[in-house]
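Colleague: Residue numbers (numbering that gives the first Met the number 0), protein chains in the order written: chain A, 0 to 772; chain B, 0 to 114.
Every residue gets a Cβ at the ideal spot worked out from N, C-alpha and C, and that includes glycine.
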Amino acid sequence: MSSLTIALAGNPNVGKSTIFNGLTGARQHVGNWPGKTVEKKEGVAQIRGKEIVVVDLPGTYSLTAYSIEEIIARDFIVNERPSVVVSVVDAANLERNLYLVAQLIELNVPVIVALNMSDLAKTRGLKIDPAALSMRLGGIPVIETVGNRGLGLTELKDAIAQVVENPAAAAPVLLDYGRPLEGKIKALEAIITTNTALRKKYNARWLAVKLLENDEGIIEALQAAGQSALLKEAEMVIEELEAVTGEDTETLIADRRYALIGEVIGGVLERPRAAVETQSDKIDRIVTHRIWGVPIFLLLMWVVFQFTANVSAPFLDWVDMLINETIMGWAFSLTGALGLGGTWIEALLTDGIIAGVGAVLVFVPVLMFLYFALAVLEDSGYMARAAFVMDRVMRAIGLHGKSFLPMIVGFGCTVPAVYATRTLENEDDRKLTGFLATFMSCGARLPVYVVFGAAFFGANAGNLTFAMYILGIVIALITGFVMKRVVYQSKPPAPFVMELPPYRVPTARGVFTQMWERSSSFLRKAGTVILAASIVLWLLLAIPLGADAAAPDGRDAGFNNVRAEDSVFGTLSGAIAPVFAPAGFGSWEAAGSLVTGFIAKEVVIGTMGQIYVDEAEAAPTDEAVAAGEEVEEEPGTTFGEDVGNIIVSFGEAAVLTVQETINIIPRTVNIIPGVEMPEADFLGGEEEEDTTELEAALTAAFTASAGSEQAGKLAALAFNVFVLLYVPCMVAVAAMRQEFGARWMWYQIAYTTALAWLAAVIVYQGGKLVGLG
Amino acid sequence: MCDRHLMPLSMAAPGDTVELVEIRGGRRFRQRLADLGLNTGTSVRVIQNDHTGPLILAVKHDARLALGQGAAHRIQILPIHHTSKQDEPPGRGIQHEQFNHCARRQSQCRQKHHL
Numbered sequence: 000m001s002s003l004t005i006a007l008a009g010n011p012n013v014g015k016s017t018i019f020n021g022l023t024g025a026r027q028h029v030g031n032w033p034g035k036t037v038e039k040k041e042g043v044a045q046i047r048g049k050e051i052v053v054v055d056l057p058g059t060y061s062l063t064a065y066s067i068e069e070i071i072a073r074d075f076i077v078n079e080r081p082s083v084v085v086s087v088v089d090a091a092n093l094e095r096n097l098y099l100v101a102q103l104i105e106l107n108v109p110v111i112v113a114l115n116m117s118d119l120a121k122t123r124g125l126k127i128d129p130a131a132l133s134m135r136l137g138g139i140p141v142i143e144t145v146g147n148r149g150l151g152l153t154e155l156k157d158a159i160a161q162v163v164e165n166p167a168a169a170a171p172v173l174l175d176y177g178r179p180l181e182g183k184i185k186a187l188e189a190i191i192t193t194n195t196a197l198r199k200k201y202n203a204r205w206l207a208v209k210l211l212e213n214d215e216g217i218i219e220a221l222q223a224a225g226q227s228a229l230l231k232e233a234e235m236v237i238e239e240l241e242a243v244t245g246e247d248t249e250t251l252i253a254d255r256r257y258a259l260i261g262e263v264i265g266g267v268l269e270r271p272r273a274a275v276e277t278q279s280d281k282i283d284r285i286v287t288h289r290i291w292g293v294p295i296f297l298l299l300m301w302v303v304f305q306f307t308a309n310v311s312a313p314f315l316d317w318v319d320m321l322i323n324e325t326i327m328g329w330a331f332s333l334t335g336a337l338g339l340g341g342t343w344i345e346a347l348l349t350d351g352i353i354a355g356v357g358a359v360l361v362f363v364p365v366l367m368f369l370y371f372a373l374a375v376l377e378d379s380g381y382m383a384r385a386a387f388v389m390d391r392v393m394r395a396i397g398l399h400g401k402s403f404l405p406m407i408v409g410f411g412c413t414v415p416a417v418y419a420t421r422t423l424e425n426e427d428d429r430k431l432t433g434f435l436a437t438f439m440s441c442g443a444r445l446p447v448y449v450v451f452g453a454a455f456f457g458a459n460a461g462n463l464t465f466a467m468y469i470l471g472i473v474i475a476l477i478t479g480f481v482m483k484r485v486v487y488q489s490k491p492p493a494p495f496v497m498e499l500p501p502y503r504v505p506t507a508r509g510v511f512t513q514m515w516e517r518s519s520s521f522l523r524k525a526g527t528v529i530l531a532a533s534i535v536l537w538l539l540l541a542i543p544l545g546a547d548a549a550a551p552d553g554r555d556a557g558f559n560n561v562r563a564e565d566s567v568f569g570t571l572s573g574a575i576a577p578v579f580a581p582a583g584f585g586s587w588e589a590a591g592s593l594v595t596g597f598i599a600k601e602v603v604i605g606t607m608g609q610i611y612v613d614e615a616e617a618a619p620t621d622e623a624v625a626a627g628e629e630v631e632e633e634p635g636t637t638f639g640e641d642v643g644n645i646i647v648s649f650g651e652a653a654v655l656t657v658q659e660t661i662n663i664i665p666r667t668v669n670i671i672p673g674v675e676m677p678e679a680d681f682l683g684g685e686e687e688e689d690t691t692e693l694e695a696a697l698t699a700a701f702t703a704s705a706g707s708e709q710a711g712k713l714a715a716l717a718f719n720v721f722v723l724l725y726v727p728c729m730v731a732v733a734a735m736r737q738e739f740g741a742r743w744m745w746y747q748i749a750y751t752t753a754l755a756w757l758a759a760v761i762v763y764q765g766g767k768l769v770g771l772g
Numbered sequence: 000m001c002d003r004h005l006m007p008l009s010m011a012a013p014g015d016t017v018e019l020v021e022i023r024g025g026r027r028f029r030q031r032l033a034d035l036g037l038n039t040g041t042s043v044r045v046i047q048n049d050h051t052g053p054l055i056l057a058v059k060h061d062a063r064l065a066l067g068q069g070a071a072h073r074i075q076i077l078p079i080h081h082t083s084k085q086d087e088p089p090g091r092g093i094q095h096e097q098f099n100h101c102a103r104r105q106s107q108c109r110q111k112h113h114l
């Protein structure tokens, strides 16, 4: 690795990532900052034959110690001392952006300013003189760039090369804080310079300013280093200054910085005489309108929802076929060819690994479509407006608008919803939002409602699904309302302040990059956590428990040759089954499928499919995580045919995706009563999901365990309520642990499980009481 | 301008350009606002304020910030001037608009005193 490192710093939404991509091309690595959940992007740039490591610092407005991102950014600059800091600045919002530049300059590192989006500035009638700006900032290079079109990158690279060779070329000019601050800064600076330990670690002037700013991070670090004498001195200076000016020192410093920036801007930036209503302002007049804002928001969410649920469906089916038919078939052929057919190795590979990991991979298309839609909303600038519009609603439960975004994401999948809480600044709000997002019915719960709806409620199947979504929202609102009052009663609501970035047309590259980065992190999880869990579960189903355990054929059981109910899994499920008796579904099958549902909620159906439908044939493939579809075991197709089939069906899926995208329009129009708009149907007739066998088995099983048909329906309803509310899948739980800590994760597990049980019992017993059962 | 009394930012009307005089609240709150461009002594233009949802402000001319009513209530301002909506042609309408605006503000002030 090269020893040369440069860092990119800048406000959020200034196109920093486009500059980063432009400098590094495809040579990027995405990870986390050590010990932090904040994403760290690193890449390598080729500049004049030299390999230079480019580190993308988190987007921040400032370098105080008030957020994880700010601490990361400034610790990196203070401790790692990059050769150059490229400060990416939004040319169309220069004045506010220079506030961060001023703080970077104070860190006394070589700085280059990239005046990004200079095209947008020009269309707004802003005239910036880069040479004058450079001069006013003490001669540091100022380069005009348009990151998303790759303009100005050569010039930027040249400037980087020059500064790397001669750091003095970007030696920053010091800000003069004027009277009375400057004298006190100098006094503190003098004390710091006499202290060898401090002089080594910090720039003396920067440290002096930070002390006057009451910077929490610095005060803690100095306390830990035993520098209490200096802290005492700083306290006295602050008291003196506050007595003289009647203002606190942070305010004095911030005001003075902005005043200096105002002076810099004076001869550099020319604005149109009158305040201009920008294009974005015009759009905002409608989109953030008191009356129109909410309907527009709901319409867009409906489209996202349709896009995620329906448009992704053809690819979901394609991946399902690919994994559960083609790859499964190959696995059987392979084990057969190796002489392992029928052995436990074959069972582990097919029933354990492929079925288990496959059940989760099937949902990758759903996530990719969701991330695509969210990336479009984010890059266009709409996300901030959604938070704005929903602020009124979220106030009612004591959260602010930004909390709504993770909940929207939660309808797709709880895992990204938990990560999406990072946009919230207040830690309590973040935890509560993550907590509530788990009640938004995610895509994986949908198959359960669909199968049960068809089995028990016939024509009213859709109502079951709808009722579950509404119930999830209601429970979330009530939980939020109660928790905000009981758990956080003393805390005032966090102030709502948020930048509204200008609207922009999202670039394909930006959207696809985001979609890929987020989906691939999900794929990594499927390859690790879910793989391990699938193997463990398979083992539990393969090992018999108890002296009277029997094999499927009735003889004595052995490893990988045992009836499901006699396996470790079946026996344990049977042991916990009575817990669910008050809710009407106290059978080991129901209990067992709820347990496997912890891996991923769609697995509930997979497990039931295996246990109920295959009970008769009861091969040792009573694998819980199989996707519920019968595998073609005879090697009826050649490898060539398989590949051809994959390509053809991919093409079909692509056509169907287009069809479904178009169909969003008639589906939306058809909501209006009395309007009937036909939907497109390109390939003629959709495949019907063949679940009748499972449905019949389910009806029989639930009716039998509850006692009557009516009671069976109630039990089925209670079961669905339980699936909606109980612990989200293990990946979501792992995400919660990573984001909020182990203690919070256990609270969450305890609360959701208790609530789910209680709600299911209320539904079943309550229903019986009012005479429904 | 009709009156130069301090008032909370939450009472400013769309089109007002106002100077931030005092920001009440903890250090964190004030620092956060300053980072985003809302420091004392700066002037901002109110783009939207319907008195129920968050305000939209033009800050440092080119930045657009959404600010909740609660936060806006903790910022004391002095009105500087008022301009009517940009897309209306300047001229005739302005005086009338300003007059109405002042009258409205004074009645708001009086209401506040009663409270």
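If I measure Cβ to Cβ from V630 (chain A) and keep anything under 8 Å in the same chain, skipping five residues before and after, which residues do I get?
Modeller: A caution first: V630 (chain A) carries a pLDDT of 44, below 50, which makes its placement in the model unreliable, though a value can still be read off. Excluding sequence neighbours, V630 (chain A) sits near N323, E324, M327, G328, F331, T349.
Colleague: Got a sec? Which residues, its chain only, sit under 6 Å from K209 (chain A) by beta carbon, not counting five neighbours each side?
Modeller: I217
Colleague: In angstroms with no decimal places, state the Cα-to-Cα distance between L544 (chain A) and V375 (chain A).
Modeller: 52 Å
Colleague: Under the three-state reduction of DSSP, which class applies to T82 (chain B): helix, strand or coil?
Modeller: coil
Colleague: Verify whether the separation of the beta carbon atoms of L539 (chain A) and G608 (chain A) is less than 7 Å.
Modeller: no
Colleague: Examine chain B for any beta-carbon lying closer than 7 Å to the beta-carbon of N92 (chain A), and answer yes or no.
Modeller: So, interface residue.
Colleague: Could you tell me whether any Cβ in chain A is nearer than 7 Å to the Cβ of G14 (chain B)?
Modeller: no
Colleague: With H, G and I counted as helix, E and B as strand and the rest as coil, what does DSSP make of D283 (chain A)?
Modeller: helix
Colleague: For S133 (chain A) and G146 (chain A), I'd like the C-alpha separation in whole angstroms.
Modeller: 20 Å
Colleague: Assuming A582 (chain A) contacts A717 (chain A) under a Cβ cut-off of 8 Å, what Cβ separation, rounded to an integer in Å, is found between them?
Modeller: Right, their Cβ atoms sit about 5 Å apart.
Colleague: Pick out whichever of A:L530, A:A273, A:F314, A:A548 has its Cα sitting closest to the Cα of G124 (chain A).
Modeller: Answer by Cα proximity: A:A273.
Colleague: Please list the terminal residues of the continuous beta strand (DSSP E) segment that includes A372 (chain A).
Modeller: Element bounds for A372 (chain A): not the beta strand (DSSP E) but the alpha helix (DSSP H), 363 to 379.
Colleague: Looking at T287 (chain A) and R384 (chain A), is the spacing between their C-beta atoms short of 7 Å?
Modeller: yes
Colleague: At the level of alpha carbons, what is the spacing between F638 (chain A) and V602 (chain A)?
Modeller: 29 Å
Colleague: Taking the Cβ atom as the reference point for each residue, do E651 (chain A) and N309 (chain A) lie within a distance shorter than 7 Å?
Modeller: no
Colleague: What in chain A is Cβ-close to V58 (chain B), meaning under 7 Å?
Modeller: Those are R95, listed as they occur along chain A.
Colleague: Taking 7 Å as the CB-CB cut-off, is L54 (chain B) touching chain A?
Modeller: It does not: the Cβ of L54 (chain B) has no partner Cβ on chain A nearer than 7 Å.
Colleague: Start and end of the alpha helix (DSSP H) containing R73 (chain B)?
Modeller: Taken as a continuous stretch (DSSP letters only), R73 (chain B) belongs to no alpha helix (DSSP H), as it is neither H nor E.
Colleague: Apart from the five residues just before and just after N425 (chain A), which ones in its own chain have a Cβ nearer than 7 Å to its Cβ?
Modeller: A493
Colleague: Are the C-beta atoms of T244 (chain A) and some chain B residue less than 7 Å apart?
Modeller: No, T244 (chain A) does not count as interfacial toward chain B.
Colleague: Since L724 (chain A) and F480 (chain A) should fall inside the 8 Å C-beta cutoff, what is the C-beta to C-beta distance between them, to a whole number of angstroms?
Modeller: About 17 Å separates the two Cβ atoms, so there is no contact after all.
Colleague: Would you kindly report the start and end of the unbroken alpha helix (DSSP H) that includes S533 (chain A)?
Modeller: 530 to 541
Colleague: So D378 (chain A) and L398 (chain A) are supposed to be a Cβ contact under 8 Å. How far apart are they, rounded?
Modeller: With a Cβ gap of about 25 Å, D378 (chain A) and L398 (chain A) do not count as contacting.
Colleague: Considering just the uninterrupted stretch of the beta strand (DSSP E) at L7 (chain A), what are its terminal residues?
Modeller: 4 to 9
Colleague: By how many angstroms is the C-alpha of G58 (chain A) removed from the C-alpha of G9 (chain A)?
Modeller: 5 Å
Colleague: Is the CB-CB distance between S311 (chain A) and V365 (chain A) below 7 Å?
Modeller: Less than 7 Å separates the beta-carbon of S311 (chain A) from that of V365 (chain A).
Colleague: Measure from the C-beta of W494 (chain A) to each C-beta in chain B and report whether the shortest distance is under 7 Å.
Modeller: It should be pointed out that residue 494 (chain A) corresponds to Pro in this sequence rather than to Trp. Chain B, which has a Cβ nearer than 7 Å to the Cβ of P494 (chain A), makes this yes.
Colleague: Could you check whether the Cβ of Q30 (chain B) sits closer than 7 Å to any Cβ belonging to chain A?
Modeller: yes
Colleague: Could I get the ranges of all uninterrupted alpha helix (DSSP H) runs contained in the region 449 to 514 of chain A, with 4 residues as the minimum, in chain order?
Modeller: Counting whole runs of 4 or more residues, the region 449 to 514 of chain A contains the alpha helix (DSSP H) stretches 460 to 485.
Colleague: Applying the 10 Å Cβ sphere with the 16-neighbour rule, what's the burial state of P619 (chain A)?
Modeller: Because P619 (chain A) carries a pLDDT of 38, less than 50, the predicted location of this residue cannot be relied on, and no value is offered for it.
Colleague: Which whole-angstrom value describes the C-beta separation of M735 (chain A) and V417 (chain A), a residue pair presumed to lie in contact below a C-beta threshold of 8 Å?
Modeller: Rounded, the Cβ-Cβ distance is 6 Å, consistent with contact.
Colleague: Helix, strand or coil: which one does DSSP assign to I290 (chain A)?
Modeller: coil
Colleague: Report the three-state DSSP secondary structure of R44 (chain B) (helix, strand or coil).
Modeller: strand
Colleague: Report the option in A:A242, A:E269, A:S2 whose CA atom is closest to the CA atom of E94 (chain A).
Modeller: Per the C-alpha coordinates, the member of A:A242, A:E269, A:S2 positioned closest to E94 (chain A) is A:E269.
Colleague: With respect to the alpha helix (DSSP H) encompassing S227 (chain A), which residues constitute its N-terminal and C-terminal limits?
Modeller: Start and end: 227 to 244.
Colleague: Taking only three categories from DSSP, how would you classify M6 (chain B)?
Modeller: strand
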